[in-house]
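Engineer: Under the working numbering, read the sequence shown as residues 9 to 169, first letter to last.
Where a beta carbon is used, it is the ideal one built from N, C-alpha and C, also for glycine.
Take a look at the following structure, please.
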Amino acid sequence: MSGFADWKQSLRQRSHPEGDCRIWDGPINNDGYGVFNYVDSFGRRRSVGAHKAAFLAAGGTLRPGEVVRHIVCHRTLCIEPKHLAAGTQKENLDERKITGTWARRGVESTARVNAERPERLKAMAAGISARDFAAKFGIGENAAFQWLRRWRLRSAESGDN
Ligand SMILES: [Zn+2]
Numbered sequence: 009m010s011g012f013a014d015w016k017q018s019l020r021q022r023s024h025p026e027g028d029c030r031i032w033d034g035p036i037n038n039d040g041y042g043v044f045n046y047v048d049s050f051g052r053r054r055s056v057g058a059h060k061a062a063f064l065a066a067g068g069t070l071r072p073g074e075v076v077r078h079i080v081c082h083r084t085l086c087i088e089p090k091h092l093a094a095g096t097q098k099e100n101l102d103e104r105k106i107t108g109t110w111a112r113r114g115v116e117s118t119a120r121v122n123a124e125r126p127e128r129l130k131a132m133a134a135g136i137s138a139r140d141f142a143a144k145f146g147i148g149e150n151a152a153f154q155w156l157r158r159w160r161l162r163s164a165e166s167g168d169n
């Protein structure tokens, strides 16, 4: 199980604390979950959900058919093991129906945020926290966080910043 020590280290390096949460900074899939890439013992490149990797690296176990759920903060990018627990896919889906899926909020955020004038957005997105940004547009904090991150990455690539 020495591999999990490496996982822990790289999960830590690719995330940052935010309140009680630890938020994933690496790649993200279309459902808003972090993607953790690793090389298995046969030298094959593989990937697993970052929250699942964090759960397993912290000593958590999954029975067949179980998934790792966010039982405390409901933030798909949180990899804090204390916020994660094993559960069934059905429990996960029931919960997502109640809390609203990240994907839906993401779409909503794009529509609302993109309706704003680009120069205003540029000024606003520079230093604002995800929480304030979410409040401003009436969207989920997770969606706001995602949007801001993409925005900053794009700005950095185009040399805008
Ligand atoms: Zn959390």
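Check S23 in the structure and name its three-state DSSP category.
Structural biologist: Of the three classes helix, strand and coil, the one that applies to S23 here is strand, per DSSP.
Engineer: Could you tell me whether the Cβ atoms of C29 and H91 are closer together than 8 Å?
Structural biologist: Yes, Cβ-Cβ distance for C29 and H91 is below 8 Å.
Engineer: State the Cα-Cα distance for the pair E124 and P72, rounded to the nearest angstrom.
Structural biologist: Taking the straight line from one Cα to the other gives about 46 Å.
Engineer: Can you look up H82 in the DSSP assignment and give me helix, strand or coil?
Structural biologist: Coil.
Engineer: Since N45 sits in a beta bridge, which residues does DSSP pair it with?
Structural biologist: BP columns for N45 point to S55.
Engineer: Ligand 1 and H91: does the residue's C-beta get closer than 7 Å to at least one heavy atom of that ligand?
Structural biologist: Checking the Cβ of H91 against ligand 1 gives yes.
Engineer: To which residues does DSSP link V75 through a beta bridge?
Structural biologist: G95.
Engineer: Let me know the secondary structure DSSP gives R30 once reduced to three states.
Structural biologist: R30: strand per DSSP, three-state reduction.
Engineer: Using a threshold of 8 Å, state whether the C-beta atoms of G68 and P89 are closer than that.
Structural biologist: Cβ atoms of G68 and P89: closer than 8 Å.
Engineer: Identify the continuous alpha helix (DSSP H) that holds S163 and give its terminal residues.
Structural biologist: S163 -> alpha helix (DSSP H) spans 149-165.
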